[in-house]
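Residue numbers (the numbering used here), protein chains in the order written: chain A, 43 to 409; chain B, 43 to 409.
There are 2 protein chains.
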Amino acid sequence: MDPRIREHAEIIVEHSLEIRPGDNVVVSAPSVADDLEVAVYELLADAGANPISATSPLEGRTNPRAGRAYLRNREDFETPAHHQALFDAADAFLIVRAFENVAEVGDVDPTTMTAASKANRPVQEVRLAKRWCLTQFPAVGNAQIAEMSTEAYENFVWDAVIRDWEEQRDHQAEMVEILDDADEVRIVSGDSTDLTMSLAGNLTLNDYGKKNLPGGEVFTAPVPDSVEGEVHFDLPLYHNGREVTDAVLRFENGEVVSHSAGKNEEVLTAILETDDGARRLGELGIGMNRGIDEFTYNMLFDEKMGDTVHMAVGSAYAETVGPGNERNESATHVDMIVDMADESFIEVDGEVVQRNGTFRFEAGFEG
Amino acid sequence: MDPRIREHAEIIVEHSLEIRPGDNVVVSAPSVADDLEVAVYELLADAGANPISATSPLEGRTNPRAGRAYLRNREDFETPAHHQALFDAADAFLIVRAFENVAEVGDVDPTTMTAASKANRPVQEVRLAKRWCLTQFPAVGNAQIAEMSTEAYENFVWDAVIRDWEEQRDHQAEMVEILDDADEVRIVSGDSTDLTMSLAGNLTLNDYGKKNLPGGEVFTAPVPDSVEGEVHFDLPLYHNGREVTDAVLRFENGEVVSHSAGKNEEVLTAILETDDGARRLGELGIGMNRGIDEFTYNMLFDEKMGDTVHMAVGSAYAETVGPGNERNESATHVDMIVDMADESFIEVDGEVVQRNGTFRFEAGFEG
């Protein structure tokens, strides 16, 4: 076994999930990630935890062939009571993404995926309120869509994952402070993106490899009704096996009033039609991981890139919503990315805090 | 996909598990059996059932590499509350056996396996009281130990599984009647096996592809204290990756008072030392499936062979124990087989009902 797999497992069990004796753990991993699962099970045993492995077809991604078979053959979905009971009684969750073929669920109708997500939402809400970690194993399908050899992709993944996460946390802390104090944020990129939103009263979290591994972003929730203007997500979105390019959303009073995309617009439409909350922003995130410098069609990595911002339509993370503020609720949460490397800036309460991808507290910043 | 995989899945979903709309199903299958899992998920969707896939390392066989990693690194085991909650809320269970390497857990200490089984017992008791089916997918490791090519083994498995199970039920019904009315049973084979036991008041079940697929046996429970004499299991037992040959058990007042084996006696010893119930018989079964005519080191098939009987030390199936009779309880249940083809007979209340593998109601029987 590649020794980096055991290092990866150590970070998951000790840093990300902070496993304690007696913890009931649920591991969701596709079979192509068996090596990582084995390494994780060794450490869960050492730590005195009780794991089981479990995947749901409603999720579609951790058991993709069976998930696809199920989703294509059923039209209405229920929240499975036994899955819910499992999650209710669990303490910590590991989800491993790894595709032999990233297009495996690409021929499932987007509205079916949406219906499945909705049915799965109550179960996922249970997980989100507990300890959880989402990570990546370097599988061939992910390497292929990144246009990398398998070995180059392994290096890419483990370089991003096996890091000094305390140092990353300190680097990001300055941006957390800026956003935590912020009222209005404006994001401008080229001629096609000029968006403002209020963060007043909401909380900014420092993601340093806990719930997402790799981590490397700071993120918060916009006040739902405050979002105004237009945003052009110039980096593509790869959603359930299909690529959406040049997604454009126009917001009025916090709601998407028009949208378009270059390719697979119907996928974007299905996302926005999930429910009312899917037409509002649930997250604003700022990528700050300088160790990720290539776009790989994988949101877990792409949204952390050092000169990007991302926004998610759909549900807001409860812990980013300040007391008394409204939480945007939805069965979906889909991130999309704006490249901030050129002709771009982030303004917080009238002051530029990032220009062309360089933060105010980094060398080379030009206010 | 081999069309026999979808036929196999149909038998599982319709005949064995009788899946109904809304059923919460747990599928436990190793990744090498992915094709069967996909076919089962298609049919579960059609039937309106809610499946999730789940495996526990305490079971050790459905996720063998992770299971081994866990078992070798932990010494004491707990019953995982989240696994229990999952099973409590489920309606039906499918367990698929399939090994890439049948020796995968062969280097786990037998006493560790026993401790894990004990911790897992409460969860398994929940399953045993509901609808469940244990079946086999033809994987390379199982083919290898059967000394068959992969293709020959595929033919062997699907010939045994894809059958007219109603016809098999009728064939077996005569033997059910004989044993249901029986008081004392005597089993004699060569010079080394002469065992008597009472079945008085207990119930004989007809296994025609419901809980075991393939099925093909009738089975009941001996009255725990009634077993007397010696039995030589002349067909080998393959238990958790290790072969036990020529197991011999000597019973007095229903309890094993001495035992031996040709090879890996310590595996047999560990089984018998699980608990008090592991030193008593929990099952007497008569193989009646004439479609299985080769020994393949796989209990699911071997115990169904047409001229064998098998007995299990450990727990009795609750449904075989008559009202008011004692049920043998144990954390284990391990079947072992006696070849009845030569110099052998089964006597029920003084009458020979099988001689040299041929039943009284079959052509060629010589009383």
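From the three backbone atoms N, C-alpha and C, an ideal C-beta is built for every residue, glycine too. Since the model is a prediction, treat every value here as computed from it, not as a measurement.
> In this structure, does DSSP put ARG322 (chain B) in helix, strand or coil?
Replying inline: Along the second sequence, read from residue 1 onward, the residue named residue 322 (chain B) stands at position 280. In the structure shown, ARG322 (chain B) sits in coil (DSSP, three-state: anything other than H, G, I, E or B).
>> Please report the straight-line C-alpha distance between PHE401 (chain A) and LEU241 (chain A), rounded to a whole angstrom.
In response: Against the first sequence, residue 401 (chain A) aligns to sequence position 359. Against the first sequence, residue 241 (chain A) aligns to sequence position 199. Roughly 19 Å between the two C-alpha positions.
>> I'd like to confirm something about GLY251 (chain B): is its beta-carbon nearer than 6 Å to some heavy atom of the ligand SAH, or not?
In response: Absent from the structure shown: the ligand SAH. Ligands present: none.
> Does SER70 (chain B) come within less than 7 Å of chain A when only Cβ atoms are used?
Replying inline: Counted from its first residue, the second sequence places residue 70 (chain B) at position 28. No, SER70 (chain B) does not count as interfacial toward chain A.
> Could you give the uninterrupted runs of the alpha helix (DSSP H) lying entirely in the segment 144-228 of chain A, keeping only those of 4 residues or more?
Replying inline: 152-170, 182-187, 192-203 and 207-222
> What whole-angstrom Cβ distance do ARG322 (chain B) and GLU297 (chain B) have, given they're in contact under 8 Å?
Replying inline: Along the second sequence, one-based indexing puts residue 322 (chain B) at 280. Along the second sequence, one-based indexing puts residue 297 (chain B) at 255. Sure, about 6 Å apart at Cβ, within 8 Å.
> What is the DSSP secondary structure of LEU100 (chain A), counted as helix, strand or coil?
Replying inline: As a first step, residue 100 (chain A) is located in the first sequence; it is residue number 58 there, counting from the start. Reduced to three states, the DSSP call for LEU100 (chain A) is coil.
> Given ASP384 (chain A), which residues of its chain have a CB within under 7 Å of its CB, disregarding the five upstream and five downstream residues?
Replying inline: Mapped onto the first sequence, residue 384 (chain A) falls at position 342. Cβ within range, chain order: ASN398.
> Among all the DSSP beta bridges, which residues are the ones paired with ARG292 (chain B)?
Replying inline: By one-based count along the second sequence, residue 292 (chain B) stands at place 250. Bridge partners of ARG292 (chain B): B:GLU272 and B:SER300.
> Using the beta-carbon of each residue, which ones in chain D are nearer than 9 Å to PRO93 (chain A)?
Replying inline: Included in the structure are the protein chains A and B, with no chain D among them.
> Name the chain B residues that come within less than 7 Å of ALA127 (chain A), Cβ to Cβ?
Replying inline: On the first sequence, position 85 is the one that residue 127 (chain A) refers to. Within chain B, the residues near ALA127 (chain A) are ALA127, LEU128, ASP130 and ALA131.
> Would you call GLY257 (chain B) buried or exposed, if buried means 16 or more other Cβ atoms sit within 10 Å of its Cβ?
Replying inline: Looking up residue 257 (chain B) in the second sequence gives position 215. The residue is buried, with at least 16 neighbouring Cβ atoms inside 10 Å.
> In its own chain, which residues sit with a C-beta less than 6 Å from the C-beta of HIS274 (chain B), not counting the 5 before and 5 after it?
Replying inline: Stepping through the second sequence from its first residue, residue 274 (chain B) is reached at position 232. Excluding positions up to five away in sequence, the list reads SER234, THR235 and VAL290.
>> For the segment 200-217 of chain B against the segment 149-166 of chain B, do three or more pairs of beta-carbon atoms, one drawn from each stretch, fall closer than 8 Å, so that the two count as touching?
In response: no
> From which residue to which residue does the beta strand (DSSP E) around ASN248 (chain B) run?
Replying inline: By one-based count along the second sequence, residue 248 (chain B) stands at place 206. Taken as a continuous stretch (DSSP letters only), the beta strand (DSSP E) holding ASN248 (chain B) covers 247-249.
> Since GLY364 (chain A) is in the alpha helix (DSSP H), which residue starts that stretch and which ends it?
Replying inline: Within the first sequence, the letter at position 322 stands for residue 364 (chain A). No alpha helix (DSSP H) contains GLY364 (chain A), which DSSP labels as neither H nor E.
> For SER73 (chain B) and chain A, any beta-carbon pair shorter than 7 Å?
Replying inline: Here residue 73 (chain B) refers to the residue found at position 31 when the second sequence is read from its first residue. Output row for SER73 (chain B): interface = yes.
>> With H, G and I counted as helix, E and B as strand and the rest as coil, what does DSSP make of ASP88 (chain A)?
In response: Looking up residue 88 (chain A) in the first sequence gives position 46. In the structure shown, ASP88 (chain A) sits in a helix (DSSP, three-state: H, G or I).
> Hey, how far is the Cα of ASN295 (chain A) from the Cα of VAL55 (chain B)?
Replying inline: Translated into the one-based positions of the first sequence, residue 295 (chain A) becomes position 253. Translated into the one-based positions of the second sequence, residue 55 (chain B) becomes position 13. Taking the straight line joining both Cα atoms gives about 51 Å.
> chain B partners of VAL80 (chain A), CB-CB under 7 Å?
Replying inline: Numbered from its first residue, the first sequence carries residue 80 (chain A) at position 38. Under the 7 Å cutoff, chain B gives ARG107, ALA108 and ALA111.
> Which bits of chain A does ASP88 (chain B) rub up against, with CB to CB less than 7 Å?
Replying inline: By one-based count along the second sequence, residue 88 (chain B) stands at place 46. Those within 7 Å of ASP88 (chain B) in chain A are ASN115.
> Mind checking SER191 (chain A): buried by the 16 CB within 10 Å criterion, or exposed?
Replying inline: On the first sequence, position 149 is the one that residue 191 (chain A) refers to. Under this definition SER191 (chain A) is an exposed residue.
> Taking the runs of the beta strand (DSSP E) that are 3 residues or longer, which of them lie wholly in the segment 370-407 of chain A?
Replying inline: 375-381, 386-390 and 393-397
> Using a C-beta to C-beta distance shorter than 7 Å, which residues of chain A count as neighbours of TYR83 (chain B)?
Replying inline: The sequence position of residue 83 (chain B) within the second sequence is 41, counting from 1. What TYR83 (chain B) touches in chain A: PRO99, ALA108, ALA111 and TYR112.
> Among the residues of its own chain, which have a CB less than 7 Å from the CB of PRO164 (chain B), if the five just before and after it don't count?
Replying inline: Translated into the one-based positions of the second sequence, residue 164 (chain B) becomes position 122. So the list reads THR121 and GLN126, once near-sequence residues are dropped.
> Quick one: what does DSSP say GLY109 (chain B) is sitting in, helix, strand or coil?
Replying inline: Looking up residue 109 (chain B) in the second sequence gives position 67. GLY109 (chain B): helix per DSSP, three-state reduction.
> Among B:VAL69, B:GLU408, B:ALA303 and B:PHE387, which residue has its Cα nearest to the Cα of ILE137 (chain B)?
Replying inline: For the purposes of this step, residue 137 (chain B) is taken as residue 95 along the second sequence, with counting starting at 1. Of the candidates B:VAL69, B:GLU408, B:ALA303 and B:PHE387, the one whose C-alpha sits nearest the C-alpha of ILE137 (chain B) is B:VAL69.
>> Let's see if you can read the secondary structure: which residues bound the beta strand (DSSP E) around PHE135 (chain A)?
In response: Counting from one through the first sequence, the residue named residue 135 (chain A) turns up at place 93. Start and end: 134-139.
>> Please report the straight-line C-alpha distance between PHE179 (chain B) and TRP207 (chain B), rounded to a whole angstrom.
In response: Your numbering for residue 179 (chain B) matches position 137 in the second sequence. Your numbering for residue 207 (chain B) matches position 165 in the second sequence. Rounded to whole angstroms, PHE179 (chain B) to TRP207 (chain B) spans 19 Å at the Cα level.
> For THR362 (chain A), which option in A:ASN248, A:GLU52, A:THR287 and A:ARG284 has the closest C-alpha, if you only look at C-alpha atoms?
Replying inline: By 1-based counting over the first sequence, the position of residue 362 (chain A) is 320. When only C-alpha atoms are compared, the closest one is A:ASN248.
>> For ASP133 (chain B) and ASP225 (chain B), which I take to be in contact (beta-carbon distance under 8 Å), what is that distance rounded to the nearest angstrom?
In response: What you label residue 133 (chain B) is simply residue 91 of the second sequence in a count that begins at 1. What you label residue 225 (chain B) is simply residue 183 of the second sequence in a count that begins at 1. Rounded, the Cβ-Cβ distance is 38 Å, inconsistent with contact.
>> Quick check on ASN244 (chain B) - is its C-beta less than 7 Å from some C-beta in chain A?
In response: The count along the second sequence starts at 1 and reaches residue 244 (chain B) at position 202. So, not an interface residue.
> Taking 7 Å as the CB-CB cut-off, is ASP151 (chain A) touching chain B?
Replying inline: Start at 1 with the first residue of the first sequence, and residue 151 (chain A) comes out as number 109. Not one chain B Cβ lies under 7 Å of ASP151 (chain A).
> Between ASN306 (chain A) and the rest of its own chain, which residues show a CB-CB distance below 7 Å, the 5 nearest in sequence each way excluded?
Replying inline: As a working note, residue 306 (chain A) is residue 264 in the first sequence. Excluding positions up to five away in sequence, the list reads ARG284, GLU285 and VAL286.
>> Taking only three categories from DSSP, how would you classify THR338 (chain A)?
In response: Here residue 338 (chain A) refers to the residue found at position 296 when the first sequence is read from its first residue. Correct three-state label for THR338 (chain A): coil.
> Apart from the five residues just before and just after ASN367 (chain B), which ones in its own chain have a Cβ nearer than 7 Å to its Cβ?
Replying inline: Numbered from 1 along the second sequence, position 325 holds the residue referred to as residue 367 (chain B). The residues are GLY243, ASN244 and VAL265.
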